[in-house]
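Chains as they are written, first to last, in the UniProt record's numbering: chain A, 1 to 391; chain B, 1 to 391.
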């Protein structure tokens with residue numbers, strides 16, 4: 001009899017890589033399906049297969065002998081997930097939940113229905129599926145157009161101020177066969193994120209609501225907890241996230257990205273059903289990291305405390321810049337670590353490329369300004385924005 | 001050019017396994033020499049070779065292309081380490097330091113010399129190499145006899161109250177070709193451990209001095225910091241550890257196990273030059289774990305802060321007991337994790353066998369009694385001492 005069940009993980013990115021750390025502590029063997037040799041998670045998980053997650057035979061092979069399968073990303077086709085379930089593998093999160101993180105149109109429809117049925121009021125910005133520029137005009141300018149599938153990190157999102165702006169989205173939609181969702185342009189004060197973990201048994205744990213700073217649709221900074229957030233808005237955000245997790249039957253981590261509107265409400269922007277960039281602070285700032293609670297949740301083990309360990313935690317992403325003369329990230333260590341012996345660095349084993357997320361740094365402490373300065377300095381240094389040049 | 005240098009690690013036990021977690025965060029590739037297929041660290045480090053650490057060709061193969069080699073244990077022959085150094089590999093800790101963790105006779109000789117030369121006073125219990133029962137009688141009963149090499153976890157140590165007790169040690173010595181060291185039987189209040197990290201550049205960091213409870217020569221519990229330790233004794237213990245690290249040229253983690261004598265002194269018992277059981281609390285209780293600081297030190301990167309993150313931290317080992325009807329450790333999770341959402345569990349991927357270290361639990365908080373109760377309960381539960389029976 002093996003010492004523990006094996007968990008299959010589909011996708012070899014940094015999220016799978018960071019699941020490996022708590023898996024080592026828990027004594028939980030992982031089996032990885034990586035999209036290529038030597039990708040981020042494939043560097044650190046011995047039991048691996050290289051193959052295409054869109055191929056059902058490959059998915060059957062990697063899950064053979066595994067009780068449970070989970071994901072680094074949301075791109076596995078729904079019909080394959082149903083096939084795995086029929087073969088007796090517990091798919092967590094399951095296809096009927098995951099589809100709401102794959103298709104923004106279905107997500108909006110379901111959340112609008114939930115808000116009404118449960119008396120929760122408006123959960124989402126006003127929205128509608130649109131099939132022509134004329135329908136966008138009817139919806140009203142300015143608005144946001146989004147592809148219902150396939151967008152991430154700011155891709156597949158357009159701010160549309162007139163009919164001319166609406167042509168490109170429909171061209172992309174026609175090329176890729178996805179639908180277009182129109183949403184009101186929300187007047188927001190800032191973006192928030194509410195992360196919860198939920199197990200198949202129904203146990204749930206809510207992390208503190210954080211402030212997330214996005215630049216060009218990409219997460220750059222996270223502050224936990226969100227400074228000066230009204231307690232009733234924090235509770236509302238957690239309640240919304242817990243309700244979505246329960247009603248959609250999410251297992252594992254659910255990240256709910258929200259707008260805090262200028263008129264004092266929270267509205268759901270995006271859902272992700274996996275560990276999320278806005279939860280990376282938990283690795284060093286919470287009793288139990290989002291990665292460990294994702295593993296515990298999908299294995300239906302009791303969840304760990306999501307309580308923060310410090311007054312403030314800050315996460316800043318390390319993103320590849322435009323400069324080509326930057327040395328290896330590794331060469332940033334002597335300065336960054338000597339300057340700040342409390343700095344926590346997480347690198348993903350990726351080469352620097354413009355705009356690519358290659359790592360992040362975490363800081364924590366009693367003084368938010370100090371945490372921000374240390375994390376921003378370190379991230380900028382690793383990116384080469386402070387003269388970290390190769391020789 | 002690779003993203004980072006590769007660090008070779010000799011030995012596939014739980015210490016190498018726990019180095020893998022910070023190596024993932026640091027983006028530092030590890031290459032493992034494992035003593036067998038599927039041993040503890042081999043489960044979690046993809047780049048691995050299975051072979052014998054006593055074979056120089058095997059050592060050359062695993063270090064090929066690595067700038068630095070470090071260790072999970074102290075058993076690699078000194079002459080092989082010199083050969084690797086001559087081939088241009090940085091051996092950390094180096095053979096001239098490591099020999100003091102391999103040979104207790106050389107260690108005592110060197111520490112006695114150091115204490116005298118540097119005016120530090122007595123560092124060790126009174127001791128002498130003995131070659132016959134008559135010489136033990138001359139040294140004086142009662143005393144402790146130890147094999148100078150090869151002992152660990154209470155093996156190779158005898159308390160000798162008369163000539164009759166001294167025969168077995170000399171029989172073992174004759175069989176294995178090691179020397180016998182006689183030491184005074186120290187009248188001690190408790191055992192302490194002082195852990196420091198030191199880099200080749202000479203930077204050093206000292207962790208808080210901890211209380212360690214040994215049962216039959218095996219570490220069972222650690223409390224950090226040692227309760228009610230006089231500040232001058234804590235400083236003395238740290239000073240002794242830092243001095244030994246510097247004078248012996250240790251790189252990486254040095255653990256100094258000490259006696260706190262009933263007359264208020266600290267005396268060195270054992271040295272280990274690798275992450276140590278008495279430092280496992282740092283994984284959850286310190287800003288930088290001993291495993292991360294070991295990696296940083298041997299790679300000559302700036303060290304991380306050794307500061308504690310909580311008032312108290314407690315580590316309790318999970319040891320296999322005598323019962324054969326205990327289920328898998330994994331099956332202990334539902335109760336242990338549900339009872340204590342703050343519990344931190346570290347399992348080593350090993351089967352339960354009597355007396356075998358198979359994992360540990362960490363707790364931390366403001367209330368020492370609460371930390372002790374939670375950690376002891378969880379460890380006992382996993383061992384099967386509280387009715388965690390297989391069905």
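All residues carry an ideal CB built from backbone N, CA and C; glycine is no exception.
Please read these numbers as outputs of a predicted model, since none were measured by experiment.
Contact between the stretch 67-74 of chain A and the stretch 5-24 of chain A is present: three or more C-beta pairs spanning the two stretches fall below 8 Å. Taking a 10 Å sphere around the C-beta of residue 62/A, we find 16 or more other C-beta atoms and assign the residue as buried. Taking the CA atoms as reference points, residue 194/A sits about 52 Å from residue 81/B. Exposure of residue 159/A is indicated by the presence of fewer than 16 other C-beta atoms within 10 angstroms of its C-beta.
Apart from the 5 residues on each side of it in sequence, residue 296/A sits with its Cβ closer than 6 Å to the Cβ of 303 in its chain, given in chain order. Taken in chain order, the whole beta strand (DSSP E) runs of length 3 or more contained in the stretch 285-343 of chain B are 312-319.
Taking residue 190/A as reference, the option from 143/A, 222/A, 173/A and 201/A with the minimal CA-CA separation is 222/A. Taking 8 Å as the cut-off, the beta carbon of residue 271/B is found no closer than this to the beta carbon of residue 259/B. Listed along chain B, no residue sits closer than 8 Å to residue 248/A by beta-carbon distance, the nearest being about 24 Å off. DSSP places residue 193/B inside the beta strand (DSSP E), whose first and last residues are 188-198. In the DSSP assignment, residue 220/B falls within the beta strand (DSSP E) that extends over 218-224. The Cβ atoms of residue 87/A and residue 54/A do not sit closer than 8 Å to each other. For residue 351/A, the closest of 212/A, 39/A and 206/A by C-alpha to C-alpha distance is 39/A.
Taking one beta carbon from each stretch, the stretch 210-226 of chain A and the stretch 307-324 of chain A have 3 or more pairs nearer than 8 Å; the two touch.
Taking C-beta separations shorter than 7 Å and ignoring five residues to either side along the sequence, the partners of residue 115/B in its chain run 121, 122 and 123, following chain order.
The C-beta of residue 35/B comes no closer than 8 Å to any C-beta of chain A. A straight-line Cα-Cα distance of about 53 Å links residue 381/A and residue 181/B. Residue contact check for residue 59/B against chain A: no CB pair falls below 8 Å. The C-beta distance from residue 18/A to residue 291/A rounds to 5 Å, short enough to meet the 8 Å contact threshold. Beta-bridge partners assigned by DSSP to residue 139/B: none are found.
Within the stretch 165-190 of chain A, no residue has a Cβ lying closer than 8 Å to any Cβ of chain B.
The Cβ-Cβ distance between residue 51/A and residue 33/A falls below 8 Å.
Secondary structure of residue 26/B (DSSP, three-state): helix. Spatial neighbours of residue 281/B in its own chain (CB-CB distance under 6 Å, excluding positions within 5 residues in sequence) are listed in chain order as 222, 224, 313, 315 and 362. In the DSSP assignment, residue 130/B falls within the unbroken beta strand (DSSP E) covering 127-130. Chain-order list of chain A residues neighbouring residue 305/B: 341 and 342, by C-beta distance under 8 Å. Per DSSP, the continuous beta strand (DSSP E) segment holding residue 214/A begins and ends at 210-215.
With respect to residue 285/B, residue 255/B sits apart: the two C-beta atoms are not nearer than 8 Å.
Relative to residue 133/A, the option among 168/A, 31/A, 117/A and 102/A whose CA is nearest is 168/A.
Scanning chain B for C-beta atoms nearer than 8 Å to the C-beta of residue 314/A yields nothing, as the closest lies near 15 Å away. The beta-carbon separation of residue 342/B and residue 305/A, rounded to 5 Å, stays under the 8 Å limit for a contact.
Between the alpha carbons of residue 275/A and residue 357/A lies a distance of about 15 Å. The beta strand (DSSP E) runs lying completely inside the stretch 345-390 of chain A and spanning 3 residues or more are 357-365, given in chain order. Judged by DSSP in its simplified three-state form, residue 157/B adopts strand. Residue 6/B is positioned such that its CB atom lies no closer than 8 Å to that of residue 94/B. Taking a C-beta distance under 8 Å as the contact criterion, residue 185/A and residue 227/A do not qualify as a contact pair.
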